[in-house]
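Student: Below you will find the structure I want to go over with you.
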Amino acid sequence: MSFRRLFDEQHVILEIQNHTKDEALREMVEHLGKIHRFPKKRVEALVEAILDREAQGATGIGKGVALPHAKHPELKQIYALLARCSEGLDFNAADHQPVHVLFLVLSPETNPEEHIKFLRWISYIARQKDFRSFFLQARNVEEALGLLDEFGPRED
Amino acid sequence: MDPGPGKEEEVVEADLVLVNRQGLHARPSQMVVKTANDFASKIEISRDDQVVDAKSIMGVMMLAAEKGTVLKVRAQGPDAREAVQALKELFASGFGEEI
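Chain order of the listed sequences is A and B. Each residue of the first sequence is one higher than the one before, starting from 1 at the first, in our numbering. Each residue of the second sequence is one higher than the one before, starting from 1001 at the first, in our numbering.
Next comes the structure, spelled out in structure tokens:
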């Protein structure tokens, strides 16, 4: 599948409202849950799973990028959300840099191959310096989505 | 201590096999990077013609290796042998996950 298709205008938060890590993560999961009409119980379970995962080891992958993720048995497909925090979140990243770019990934428990292919897709984009700097300057959601087209792998 | 001529440039290569069910997802990738960073040697991991720096999390995640994949590691430097050994053990352990 094309992972680019997981993102449309609704799947980008241009500016996260909450500036602490846990609250920002909750905001992202709730945003995604609202778009896809997840039951409240599932949203709570996902928030908990995301926070648990962070407690085991922060998903800040360096250079201001984080990849919070969790799996849930009720999910039938991968859900994703791209978000920005201009101010920077203290994410306990390996390189100690504040996080500005977040890719939230919610995956089903089946199909681990698809999950790691998606991580590959994200890291392909996120490791490009120009993607990171242009994303921080994006003026609207359309521009942000355009960057996924521009910097995403040609084939997937 | 001077490691002596030759030791500095020692190159060690080996295969790394993904044995855990979930493959090289984020947590194992972080473990690989953490292990690689314990060593001074330059360490590269490759899959087919894609070569990444084992000390970069974004690089390692680019490999997207699923269970059964065979990766190649190449270390060069004063502790190349120890680095490759540590990575082989880490992969063989399945990162502490379900095999």
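Glycine is no exception: its CB is placed at the ideal position from the N, C-alpha and C atoms.
Rounded to whole angstroms, what is the Cα-Cα separation between L104 of chain A and A24 of chain A?
Tutor: In the first sequence, the residue the question calls residue 104 of chain A occupies position 104. In the first sequence, the residue the question calls residue 24 of chain A occupies position 24. So the two alpha carbons sit approximately 11 Å from each other.
Student: Find the nearest neighbour of M28 of chain A within the set A:I16, A:S107, A:G60, A:T20, judged by alpha-carbon distance.
Tutor: Here residue 28 of chain A corresponds to residue number 28 of the first sequence, with the count starting at 1. Nearest C-alpha to M28 of chain A: A:I16.
Student: Rounded to the nearest angstrom, how far is the Cβ of R984 of chain B from that of E1098 of chain B, given a contact under 8 Å?
Tutor: This structure cannot speak to residue 984 of chain B, because chain B is shown only from 1001 to 1099.
Student: Work out the CA separation of D149 of chain A and V47 of chain A for me, nearest whole Å.
Tutor: Numbered from 1 along the first sequence, position 47 holds the residue referred to as residue 47 of chain A. Numbered from 1 along the first sequence, position 149 holds the residue referred to as residue 149 of chain A. Their backbone Cα atoms lie some 29 Å apart in a straight line.
Student: Taking L1087 of chain B as the query, report the chain A residues whose CB atoms sit under 9 Å from its CB, ordered along the chain.
Tutor: Translated into the one-based positions of the second sequence, residue 1087 of chain B becomes position 87. By Cβ distance, chain A contributes nothing, its closest Cβ being about 18 Å from L1087 of chain B, past 9 Å.
Student: Counting Cβ pairs, one atom from each stretch, are 3 or more of them under 8 Å apart for the region 4 to 12 of chain A and the region 126 to 145 of chain A?
Tutor: The answer is yes - the region 126 to 145 of chain A touches the region 4 to 12 of chain A, with three or more Cβ pairs under 8 Å.
Student: Near S1093 of chain B, which residues of its chain fall below 8 Å by C-beta distance, leaving aside the five closest residues on each side in sequence?
Tutor: Numbered from its first residue, the second sequence carries residue 1093 of chain B at position 93. So no residue of the chain qualifies.
Student: Could you compute how far the alpha carbon of M1062 of chain B sits from the alpha carbon of R42 of chain A?
Tutor: Working through the second sequence from its first residue, we reach residue 1062 of chain B at position 62. Working through the first sequence from its first residue, we reach residue 42 of chain A at position 42. Computed Cα separation, rounded: 30 Å.
Student: If you follow the alpha helix (DSSP H) that A94 of chain A is in, where does it begin and where does it stop?
Tutor: Along the first sequence, read from residue 1 onward, the residue named residue 94 of chain A stands at position 94. Segment: none, A94 of chain A is in no alpha helix (DSSP H) and carries neither H nor E.
Student: Counting only beta-carbon separations shorter than 7 Å, does I116 of chain A have a partner in chain B?
Tutor: Residue mapping note: residue 116 of chain A aligns to position 116 of the first sequence, counting from 1. Taking Cβ atoms only, chain B reaches closer than 7 Å to I116 of chain A, which makes this a yes.
Student: Using three-state DSSP, classify F7 of chain A as helix, strand or coil.
Tutor: In the first sequence, residue 7 of chain A corresponds to position 7, counting from 1. The answer is coil: DSSP assigns F7 of chain A none of H, G, I, E or B.
Student: Relative to the C-alpha of A1075 of chain B, which residue among B:T1069, B:T1035, B:K1067, B:E1066 is closest?
Tutor: Position 75 of the second sequence, counted from the first residue, corresponds to residue 1075 of chain B. If we check each option's Cα against that of A1075 of chain B, B:T1035 comes out closest.
Student: Rounded to whole angstroms, what is the Cα-Cα separation between T110 of chain A and G146 of chain A?
Tutor: Taking the first sequence and counting its residues from 1, the one referred to as residue 110 of chain A is at position 110. Taking the first sequence and counting its residues from 1, the one referred to as residue 146 of chain A is at position 146. Approximately 30 Å, taken between the alpha carbons.
Student: Which residues in the same chain have their Cβ closer than 8 Å to the Cβ of D1079 of chain B, if we skip the five residues on either side of it in sequence?
Tutor: Within the second sequence, the letter at position 79 stands for residue 1079 of chain B. So the list reads F1039, A1040, S1041, once near-sequence residues are dropped.
Student: Report the residue from A:K76, A:K71, A:G33, A:N92 whose alpha carbon sits nearest the alpha carbon of A55 of chain A.
Tutor: Working through the first sequence from its first residue, we reach residue 55 of chain A at position 55. Residue A:N92 is the option with its Cα nearest to A55 of chain A.
Student: Tell me the residue span of the alpha helix (DSSP H) that contains A1036 of chain B.
Tutor: In the second sequence, counting from the first residue as 1, residue 1036 of chain B sits at position 36. It spans 1026 to 1036 - the alpha helix (DSSP H) in which A1036 of chain B sits, taken as one unbroken run.
Student: Let's test the definition: count the other Cβ atoms within 10 Å of the Cβ of F1091 of chain B and tell me whether it reaches 16, buried, or not, exposed.
Tutor: On the second sequence, residue 1091 of chain B is found 91 positions in, with the first residue counted as 1. So F1091 of chain B counts as buried.
Student: Between which two residues does the alpha helix (DSSP H) harbouring I35 of chain A extend?
Tutor: Locating residue 35 of chain A in the first sequence gives position 35, counting from the first residue. Here the alpha helix (DSSP H) through I35 of chain A covers 21 to 35.
Student: Bridge partners for G62 of chain A per DSSP, in chain order?
Tutor: Locating residue 62 of chain A in the first sequence gives position 62, counting from the first residue. Its beta-bridge partners are A:V65.
Student: Can you find the residues in the same chain that come closer than 6 Å, C-beta to C-beta, to G1059 of chain B, ignoring five residues on each side of it along the sequence?
Tutor: Here residue 1059 of chain B corresponds to residue number 59 of the second sequence, with the count starting at 1. Excluding residues within five positions, the ones whose Cβ falls inside 6 Å are V1052, D1053.
Student: What would DSSP say about D156 of chain A, mapped onto helix, strand or coil?
Tutor: In the first sequence, residue 156 of chain A corresponds to position 156, counting from 1. At D156 of chain A, the pLDDT of 49 sits below 50, so the modelled position is not reliable; the number obtained from the coordinates is stated separately. Reduced to three states, the DSSP call for D156 of chain A is coil.
Student: From the DSSP output, in three-state form, read off F1091 of chain B for me.
Tutor: By one-based count along the second sequence, residue 1091 of chain B stands at place 91. F1091 of chain B falls in the helix class under three-state DSSP.
Student: If G60 of chain A sits next to V99 of chain A, beta carbons under 8 Å apart, how far is it from one beta carbon to the other, in whole angstroms?
Tutor: Position 60 of the first sequence holds residue 60 of chain A. Position 99 of the first sequence holds residue 99 of chain A. G60 of chain A to V99 of chain A, Cβ: 5 Å. Contact.
Student: For chain B, find out if any of its Cβ atoms is closer than 7 Å to the Cβ of G152 of chain A; answer yes or no.
Tutor: Within the first sequence, residue 152 of chain A is the residue found at index 152, counting from 1. G152 of chain A does not count as touching chain B.
Student: Return the chain-ordered list of same chain residues with a C-beta closer than 8 Å to the C-beta of A49 of chain A, the five sequence neighbours on each side being excluded.
Tutor: Along the first sequence, read from residue 1 onward, the residue named residue 49 of chain A stands at position 49. Once the five neighbours on either side are set aside, the close Cβ partners of A49 of chain A are A70, K71, H72.
Student: Using a cut-off of 8 Å between C-beta atoms, extract the partners of H69 of chain A located in chain B.
Tutor: Residue mapping note: residue 69 of chain A aligns to position 69 of the first sequence, counting from 1. Chain B residues near H69 of chain A: A1026.
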